[in-house]
Structures are given as C-alpha cells and as structure tokens.
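> For the protein sequence lines, the chains are A and B, in the order given.
Under my numbering, residue 314 is the last one in the first sequence; the count climbs by one each step, no gaps.
Under my numbering, residue 497 is the last one in the second sequence; the count climbs by one each step, no gaps.
Glycine residues also receive a C-beta, built at the ideal position from the N, C-alpha and C atoms.
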Amino acid sequence: MLRRIAHHLFWTARHLERAEWRARLVDVHYHLLVESPPRATEPWTPLLAITGEADAFAERYIAADERSVLDFFTFDEANPSSIRSCIYAARENARALRHRISSELWLELNTLHLDAHGWSPAMLEQDGVFGFFADLRDRFYRIAGIVDGTLPRDLGYEFLTIGELLERNENVARLLDVKYHYLLPRPEDVGGPIDLLQWAAVLRSASALEAYRRAYGNAIAVDRVVELLLFDPTFPRSARFCVDQLGAALRRIAAWNAAGPVSRAPATDPLTAMLTIPAGSDVIRHGLHDFLLAVQDECARIETAVFDDYLRFE
Amino acid sequence: MGPWAIPRSSNDQVMLDSAAYETNGYYDEMFAPGLVPRPGCTRVIADLVNLPGARLTELRTRADRMFLRMGVTFNVYGGEAGAERVFPFDPIPRVIDAETWVHIEAGLVQRIRALNAFLTDVYGAGEILRDGIVPRDLIAGSPQFRHAAVGLRPPGGVFITVAGIDLVRGGDGRFYVLEDNVRTPSGVSYVIENRVVMTRLVPDLIRGCAVRSVENYPADLLASLREIAPGNTSRPRIALLTPGPHNSAFFEHVFLSQQMGVELVEGQDLVCVDHALYMRTVHGLERIDVLYRRIDDDFLDPVVFRPDSLLGVAGLMAAVRAGSVAIANMVGTGIADDKAVFAYTPAIIRYYLGEEPILPIVETHLLRDPDVRRMVLRDLDRYVVKPTGASGGYGVVIGPKATYRELAETREHIERDPRAFIAQPVVSLSVHPTLVGGGTHGAPAFAPRHVDLRPFVLFGATPRVLPGGLTRVALREGSLIVNSSQGGGSKDTWVLA
Numbered sequence: 001m002l003r004r005i006a007h008h009l010f011w012t013a014r015h016l017e018r019a020e021w022r023a024r025l026v027d028v029h030y031h032l033l034v035e036s037p038p039r040a041t042e043p044w045t046p047l048l049a050i051t052g053e054a055d056a057f058a059e060r061y062i063a064a065d066e067r068s069v070l071d072f073f074t075f076d077e078a079n080p081s082s083i084r085s086c087i088y089a090a091r092e093n094a095r096a097l098r099h100r101i102s103s104e105l106w107l108e109l110n111t112l113h114l115d116a117h118g119w120s121p122a123m124l125e126q127d128g129v130f131g132f133f134a135d136l137r138d139r140f141y142r143i144a145g146i147v148d149g150t151l152p153r154d155l156g157y158e159f160l161t162i163g164e165l166l167e168r169n170e171n172v173a174r175l176l177d178v179k180y181h182y183l184l185p186r187p188e189d190v191g192g193p194i195d196l197l198q199w200a201a202v203l204r205s206a207s208a209l210e211a212y213r214r215a216y217g218n219a220i221a222v223d224r225v226v227e228l229l230l231f232d233p234t235f236p237r238s239a240r241f242c243v244d245q246l247g248a249a250l251r252r253i254a255a256w257n258a259a260g261p262v263s264r265a266p267a268t269d270p271l272t273a274m275l276t277i278p279a280g281s282d283v284i285r286h287g288l289h290d291f292l293l294a295v296q297d298e299c300a301r302i303e304t305a306v307f308d309d310y311l312r313f314e
Numbered sequence: 001m002g003p004w005a006i007p008r009s010s011n012d013q014v015m016l017d018s019a020a021y022e023t024n025g026y027y028d029e030m031f032a033p034g035l036v037p038r039p040g041c042t043r044v045i046a047d048l049v050n051l052p053g054a055r056l057t058e059l060r061t062r063a064d065r066m067f068l069r070m071g072v073t074f075n076v077y078g079g080e081a082g083a084e085r086v087f088p089f090d091p092i093p094r095v096i097d098a099e100t101w102v103h104i105e106a107g108l109v110q111r112i113r114a115l116n117a118f119l120t121d122v123y124g125a126g127e128i129l130r131d132g133i134v135p136r137d138l139i140a141g142s143p144q145f146r147h148a149a150v151g152l153r154p155p156g157g158v159f160i161t162v163a164g165i166d167l168v169r170g171g172d173g174r175f176y177v178l179e180d181n182v183r184t185p186s187g188v189s190y191v192i193e194n195r196v197v198m199t200r201l202v203p204d205l206i207r208g209c210a211v212r213s214v215e216n217y218p219a220d221l222l223a224s225l226r227e228i229a230p231g232n233t234s235r236p237r238i239a240l241l242t243p244g245p246h247n248s249a250f251f252e253h254v255f256l257s258q259q260m261g262v263e264l265v266e267g268q269d270l271v272c273v274d275h276a277l278y279m280r281t282v283h284g285l286e287r288i289d290v291l292y293r294r295i296d297d298d299f300l301d302p303v304v305f306r307p308d309s310l311l312g313v314a315g316l317m318a319a320v321r322a323g324s325v326a327i328a329n330m331v332g333t334g335i336a337d338d339k340a341v342f343a344y345t346p347a348i349i350r351y352y353l354g355e356e357p358i359l360p361i362v363e364t365h366l367l368r369d370p371d372v373r374r375m376v377l378r379d380l381d382r383y384v385v386k387p388t389g390a391s392g393g394y395g396v397v398i399g400p401k402a403t404y405r406e407l408a409e410t411r412e413h414i415e416r417d418p419r420a421f422i423a424q425p426v427v428s429l430s431v432h433p434t435l436v437g438g439g440t441h442g443a444p445a446f447a448p449r450h451v452d453l454r455p456f457v458l459f460g461a462t463p464r465v466l467p468g469g470l471t472r473v474a475l476r477e478g479s480l481i482v483n484s485s486q487g488g489g490s491k492d493t494w495v496l497a
C-alpha cells in the first residue's frame, strides 16, 4: 500500500471524526444551555475551551455569542476545524481514494460535501439548532455504517481506523480535562445541580449517558464518569477501548509486512499500560489534569510513530 | 430473452426517412447509395435502426444512466470543482466487417513496427537521416526531439508500447491515417465501457452478429508491459503513473490500473535511489520495473525536463538509462507523431520494412517548402492547418470553417514560422446514421454525422490490436470535430468475427 494512499485514508477518517465530534459537542452544549439556569454572560465560551480554540476565535470574532460561536464551529471556512472545513477536507482526501473505497462511500461523502457547500447560518433558524445537528449526526452514522458494511478489512482499513481512533482519544481526554478544571471554577459548586448537569452533558457528548446508567445507575459520580470514559474496555468511545483497538490495528499492520516481522512493540503499549491499571478515583486523587495531559502526550507520540513508520513521504 | 432484449422487428424494411436522410455525397458507413445496407449491417439495421423512435431514445437514456452510475466520466478543465461529465453516447454501433478489419489491422501493425524502428534509428545510428530519407533538420529542429532519449536502447527496440492511430474514411470508402498518437493516447476505457453498456442494452444482437470482444485489452496491455521489463526480472512490478484526480483522463487511469491490478501512483509516491525506481509504501520502498506513464515527457523528470514539474520523479531518466526500469511509452516518441514527420511515414515504412504502406495517409503538405507554401497560402480556406508539435486538436484551423480574420492570422503565423505548420486538404470524413433529437415535431430521427476511428495498438514482444477502437462522432450537424470537448460523442465499434 502506497504511503500517500494510507495518508489520505488516515486524514479522511480523522476529519470525519473531528466533524462528527463537533456536531456532538454543539448539540450537547445547546441542550445544556436550555436546561441550565441562565447565569453566565457568555455561555458559549466553554465550547471554545474544549476544542482549544478560544484564541483563534477571538482573533476574528468580537463576542462569543451563540450566533458567532455556531458560525465559527460549523460554517466558518477560515476555521480549519469547523464542521464544514472538516467535511471539505475529508472529501478532498477521499477524492484521491476513489479507486480504493467503495462507490457507496464516495457517493455519501460527495453528497455530504455538496450539502455542506449549500449550508447557510439561516438554516439554523429554519431547522432549529436541534434539528440541524441531529440530522448532521445521522449523516455521520450513515457514513460509519457504509464504512463498516462495504470496505474490506485490508491494510487500508487499518489506517482509516487509526485516524478515527486517534482523533476520538484526544477529544475524550480534552473534554474531561476542560470539564474538570475549567467549567466549574467555584469549588462550592462541585456536586451541585449545575455540576451534575454538566457531567451528564459530558457523558451525552460521548453517547455514554445510557451506558453509564446501565453500569452505575442514576447517580452521576465524577470518578465513575472518569472510569467509564477513560478505563472501560467495552465502551466504544472510552480511551481504553480506543487504545486497545489502536494497538490491535498497529499489530495487524506490522503483520501485513511481507518483508519480515517487525518485532518492536506497538507504539500504543505505554498508553495501554496507563489506562489498564488505575481506577477512576485513584486518578482523581493523584491529579486528573496531569493524567489527562499524559494521555494527550501519549496520543501525540503514537501519531508521530504512525507517521514516521508508515505515512511520511520523505 | 433478458430484460433488456429487444424483439426483432417484423419487417426488414429500413425505417429511415429516406427523403430526410441526406449524406451529401459523403461515404456512409452503414448504407451504400440508395440506402442499401453495407456488408454486416443488415441485422443491426433490422434490430436497432428500425426500432420505433421512442424505444431508441429510451435506449440512449438507459445508456446515459449506466455511464453516470458507473462513473464513466471525464473532468472538464476550468469547470466547477468536481465537475464531471458523461461522454455523449450514440446507441447505434459502427460496424466493421471482418475483411475490412483484417486490412486495417495489418496496416496498423505495419505502422507501429515502422515507427518503433524509426525511433530506434533516430535516437541511435541515425541511418535514415544519413540516407536523406527524412531531413535531418526536421528531426533536430523539432520541439518533440528529446536529447535525453539519444542513445537509449529499450528492450526489444520498443519505444512505443501503446499507440492510438486515428483513421478516417474518405469519400472513396478507403481508410486513411489522419494522425498517429504515440505519446500517451487515451480513450480506450470508453471503448471497453461502451461495450459493457451495449452488451446490457442489446445482448442478443451482439451475440447474433458475432461481435469480437474488446474486454481483453487490459490483459493485453499488462502482457505488453511485462514484455518490455528489464531482462533480469522474472515477475516485473508494474505501476501506472497519473498526474492525479484533476486530470481529464483520470477515470481511464483508475480504470486501467484496476483492470490490470497494478498500483496507481503519482509523482510524489515515487523516488529514485541508486538508479532504480521505487514507490513509497507503508512498509518501505518497493521496486518498480515498468512504469506505464500517463504524463507528458516534459513533466517526467525535473532533473532532465521541466524543473518545476511536481508530477514526475527526479532521477527517472538516469534509472531508465541504467536499464533498471522501463517506461511506456519511452521518452521522445513524440518525434514519431510530429505532424511534419507524418508526411514522411510512407517513406519510413518503405525504408525499414521494405513494404508498401498498407494504409495510405491523408495528403500532408510541409509548409517549410516555399513552393508548397505558396500553393497552400493561395487557397488557404481549402486546407486544414495544424501546428506540427501539438496533439489533441490544439491549434488546428479548418480553412472552410474559419473566419476571414482567423485565416489572416493563420497566414501570418505560417509566414513567421513555416516549419511549425503542416496543411492537409479537408478530408471528407465518412458519416454514420446517428440518433438526433430534431426530427419532425422534435421526435428522434436519424441523421448522418461525421465519424472517425481511433484503434489501439499494443507492442511488447509481439503486436496486439484491439478489435475496433473508439469511434468518435461529431454530434453537431456538419461538424468535422469529433473531440469530446467540442460536442463530440462516441459509438460502440463492432468488428465482426
């Protein structure tokens, strides 16, 4: 498999995951605002913190009002991480893959791209924020279904998987970090109704609220949320689950190498070790922020290793 | 009968409106004068031409839908991002009887043999120049001459692996060579896909007529590419080099690489190390023995050709020279389809093969000769003027259709640089019944439209000719231009067994 092709596969999946994640974040945050008592002057700023884009936003917008933030997040072509930009980028990468991906997948991506081309902020008023983002999330589910149902599980599939999982892992780590250390600056609010609402929103962003309730019941406890989103080996959006899949993909890629086995351990081993031992409460006691930083560092390290080993052209 | 089968018409009488079908003295591919069916055409006329108009339009609509679904499209330069169009398709096939094809095939094989011998000579000993058969300055002064190819001796003397040789049929019913395309000829994917569609539309008719299959082309191409591999490889690794998804022929590159099961590469995938060509795979560098390139010479190797090219790979020519990789077609083949050299191709055939040319060429005048130039300039509106170095119809001026101003400009260009142009008499291209929209009350009707034929010839250890080729049809009334960018379409071409 050509490095260029693997590279395009990686970025197609990564951009799609990023776009989907943003659609989820906006949707959930909107829910949260509707449910919360009105208090903050700029209720949309946390969203910018979660994606680490407060500075990029401030450079081009005056106020973090709903309209501006949604525009920046969704439609802004000057923002390389806006949902629209991510869809464009995914489609542009897929264009070079037309001969390797199923025609169904190409058709779906191309249609989404054409639709995104026609989006305008007025649609949010027309369809409502809920309607727009719920529809959008369904589109991503459809793509996931087409990927699952039409692509052979060959070497190329592994690179799609890796792009998706690396993006997902980083997003989960950042989401937890921001919620824990930023969203609730006043200690007296911890455990209060707003706090719990926010944790429920965190779970919902990762489609994890129902899984949480099934595992731990109705009461939302921080250490258990952390347990589920970081350490649960069965939940498909937990960091542990993602790193397990990543490791498996990397081992399969190495096994595809006809030129001889690569005996080196997969780059995911340190992260797997980090996410296997502790329990949620231990991690919180020892400092969740440091732990999450370490997780993000490890993700970056894995990405570098994947690039050096398989994707870099030169 | 399958779902697409068409019931045979009860009477065999031609339902063309004989009063409206006027060929204006052009040679008609399907009907002899008096609307008498030509050899091999009777069944097609009875089963297809004879159908009610509504059925025919339905066939064409169904064909268009299939092409769109199959993604058989070409990119339009300068159009909307992602603008892809279906090549217009006419459902009435062009039939070539077995006897005629034997003649054409022999002529094509003769031609590719002679052109390969010519290239080996011109970039080697130069005997044909020494013997004064082809003027030396014509070669040395041509922008298509590649110094990088001088002294190259590709295995088996194969410079041209793939040729598309454009034929036209004149008013006398004979096939003439209009031009050779021996750089990176395209269009073969349409030949194959046209047949796929026709097979679905009229399976019984194709079987009943014993039409020769075209589906073996990718296998033949692969075999030819294997045969030109450098000597020391038992299982040569082959790749197809494309300029990328924005190229107008990208669909064909995808199609051929898929059909042959070879990697489709771009310049950025390639690297030359120690005079050998490699592609960058996720598991390291992988050797390439034969590169079927679909980019022009100029872009192949920035070290030797255009330094700004990002499409090729630095060091490729050194690897070719070292004999570690073969490229198809070889660099420098453009000198063999230079329009001025074309005038000498009958002499080239006689010189190398000691045979008379089987296929005559369209009369070609070199404007470098002052007497010839005077003759042509006197009646410029009766000639087609072509720049010698270009291909793909660029810069062609058709005298009878040109405006006064265009003719004046052309005259000026010729006088400024007479070597850069040739002139040919306007060929009375043959016509073929073609489904058009403009009958009485807008109903579909048949009208004669001009056609040409681009057969594809392969050459490795042995010549291989695709039966038939791409029949292009000028869909606009009276138009002689069959190029897809200018309202041209295509037909399936049926060579009968």
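Near arginine 14 of chain A, which residues of its chain fall below 6 Å by C-beta distance, leaving aside the five closest residues on each side in sequence?
Excluding residues within five positions, the ones whose Cβ falls inside 6 Å are Gly163 and Glu167.
> Please specify which runs of the alpha helix (DSSP H), each continuous and at least 4 residues long, are wholly inside the stretch 113-171 of chain B, giving them in chain order.
If we require 4 residues or more, the alpha helix (DSSP H) runs fully inside the stretch 113-171 of chain B come out as 127-130 and 136-140.
> Let me see if you follow: with CB-CB separation under 8 Å, is valine 396 of chain B close to chain A or not?
No, no contact with chain A.
> With a threshold of 8 Å between beta carbons, is histidine 286 of chain A in contact with chain B?
No, histidine 286 of chain A lies away from the interface with chain B (no Cβ there is under 8 Å from its Cβ).
> Grab me the residues of arginine 3 of chain A's own chain with a C-beta within less than 8 Å of its C-beta, minus the 5 sequence neighbours each way, in chain order.
Once the five neighbours on either side are set aside, the close Cβ partners of arginine 3 of chain A are Tyr310, Leu311, Arg312 and Phe313.
> Suppose contacts are defined by Cβ-Cβ distances below 8 Å. Is proline 346 of chain B in contact with proline 357 of chain B by that definition?
Yes, the pair counts as a contact, with Cβ atoms nearer than the cut-off.
> Using a Cβ-Cβ cut-off of less than 7 Å, list which residues of the stretch 83-102 of chain A approach chain D; keep chain order.
You won't find chain D in this structure, because its protein chains are A and B.
> Quick one: what does DSSP say alanine 96 of chain A is sitting in, helix, strand or coil?
In this structure, alanine 96 of chain A counts as coil in the three-state DSSP scheme.
> Out of B:Arg183, B:Ala140 and B:Asp172, which has the shortest C-alpha to C-alpha gap to valine 158 of chain B?
Closest by alpha carbon: B:Arg183.
> Please compile the residues from chain A whose C-beta is within a distance smaller than 8 Å of the C-beta of proline 245 of chain B.
In chain order: Arg95, Ala96 and Arg98.
> Per DSSP, valine 36 of chain B forms a beta bridge with which residues?
Paired residues: B:Ala32.
> Can the beta-carbon of proline 88 of chain B be found closer than 8 Å to that of glycine 489 of chain B?
Contact flag set, yes.
> For a contact defined as C-beta to C-beta under 9 Å, what are the partners of asparagine 257 of chain A on chain B?
Neighbours of asparagine 257 of chain A on chain B, chain order: Val282, His283 and Gly284.
> Report the option in B:Glu409, B:Asp180 and B:Arg174 whose CA atom is closest to the CA atom of isoleucine 160 of chain B.
The residue with the shortest Cα to Cα distance from isoleucine 160 of chain B is B:Asp180.
> Quick check: the stretch 106-116 of chain A against the stretch 77-94 of chain A, are at least 3 beta-carbon pairs closer than 8 Å?
Enough Cβ pairs lie closer than 8 Å, so yes.
> Taking a Cβ distance cut-off of 8 Å, strictly less, list which residues of the stretch 241-268 of chain B are near chain A, in chain order.
Taking 8 Å as the Cβ-Cβ cut-off against chain A, the residues of the stretch 241-268 of chain B that qualify are Gly244, Pro245, Val254, Ser257, Gln258, Glu263, Leu264, Val265, Glu266 and Gln268.
> Check whether the Cβ of methionine 279 of chain B lies closer than 8 Å to any Cβ atom in chain A.
Yes, contact with chain A.
> Which residue spans inside the stretch 185-241 of chain A form an unbroken alpha helix (DSSP H) run of at least 4?
Correct list: 193-205, 209-216 and 222-226.
> On the DSSP letters alone, give me the boundaries of the alpha helix (DSSP H) that alanine 319 of chain B sits inside.
That run of the alpha helix (DSSP H) goes 316-321.
> Kindly say whether alanine 6 of chain A, judged by its beta-carbon, lies nearer than 8 Å to any beta-carbon of chain B.
By this cut-off, alanine 6 of chain A is an interface position.
> Consider the Cβ of phenylalanine 313 of chain A: report whether some Cβ of chain B lies at a distance smaller than 8 Å.
By this cut-off, phenylalanine 313 of chain A is an interface position.
> Apply the 10 Å Cβ neighbour rule to glutamate 263 of chain B and answer buried if 16 or more other Cβ atoms are within range, or exposed otherwise.
By the neighbour-count rule (16 or more Cβ atoms within 10 Å), glutamate 263 of chain B is buried.
> For proline 400 of chain B, count neighbouring C-beta atoms within 10 Å of its own C-beta (all shown protein chains included) and say buried if the count is 16 or more, exposed if not.
With fewer than 16 other Cβ atoms within 10 Å, it is exposed.
> Output, in chain order, the set of chain B residues within a Cβ distance shorter than 8 Å of arginine 3 of chain A.
Here the neighbours are Asp269, Arg280, Thr281 and Val282.
> Return the Cβ separation of aspartate 452 of chain B and asparagine 194 of chain B in integer angstroms, given the expectation that the two are a contact with Cβ distance under 8 Å.
About 15 Å; that fails the 8 Å criterion.
> Can phenylalanine 512 of chain B and valine 188 of chain B be called in contact, C-beta distance under 8 Å?
For chain B, the structure presents residues 1 to 497; residue 512 of chain B sits outside this window and is missing.
> For leucine 105 of chain A, which three-state DSSP category applies?
Note: leucine 105 of chain A maps to helix in three-state DSSP.
> How long is the line joining the alpha carbons of glutamate 66 of chain A and asparagine 483 of chain B, rounded to whole angstroms?
Distance between the alpha carbons of glutamate 66 of chain A and asparagine 483 of chain B: 54 Å.
> If you draw a straight line from the alpha carbon of alanine 116 of chain A to that of glutamate 59 of chain A, how long is it in whole angstroms?
The alpha-carbon atoms of alanine 116 of chain A and glutamate 59 of chain A are separated by roughly 24 Å.
> Run through chain B and tell me which residues come within less than 7 Å of leucine 48 of chain A, C-beta to C-beta.
None at all; the shortest Cβ gap to chain B is about 30 Å.
> Pick helix, strand or coil for proline 46 of chain A, following the three-state DSSP scheme.
Reduced to three states, the DSSP call for proline 46 of chain A is helix.
> Determine whether the Cβ of leucine 155 of chain A lies closer than 8 Å to any Cβ atom of chain B.
Chain B, which has a Cβ nearer than 8 Å to the Cβ of leucine 155 of chain A, makes this yes.
> Any idea what DSSP makes of alanine 445 of chain B, helix, strand or coil?
Looking at alanine 445 of chain B - three-state DSSP - the assignment turns out to be strand.
> Can you pull the DSSP bridge partners for alanine 474 of chain B?
Paired residues: B:Gly488.
> CB-CB under 8 Å to serine 82 of chain A, same chain, minus the five flanking residues each way: which ones, in chain order?
Cβ within range, chain order: Arg22, Phe72, Phe73, Thr74, Phe75 and Asp76.
> Pick helix, strand or coil for asparagine 110 of chain A, following the three-state DSSP scheme.
DSSP places asparagine 110 of chain A in helix when its eight states are reduced to three.
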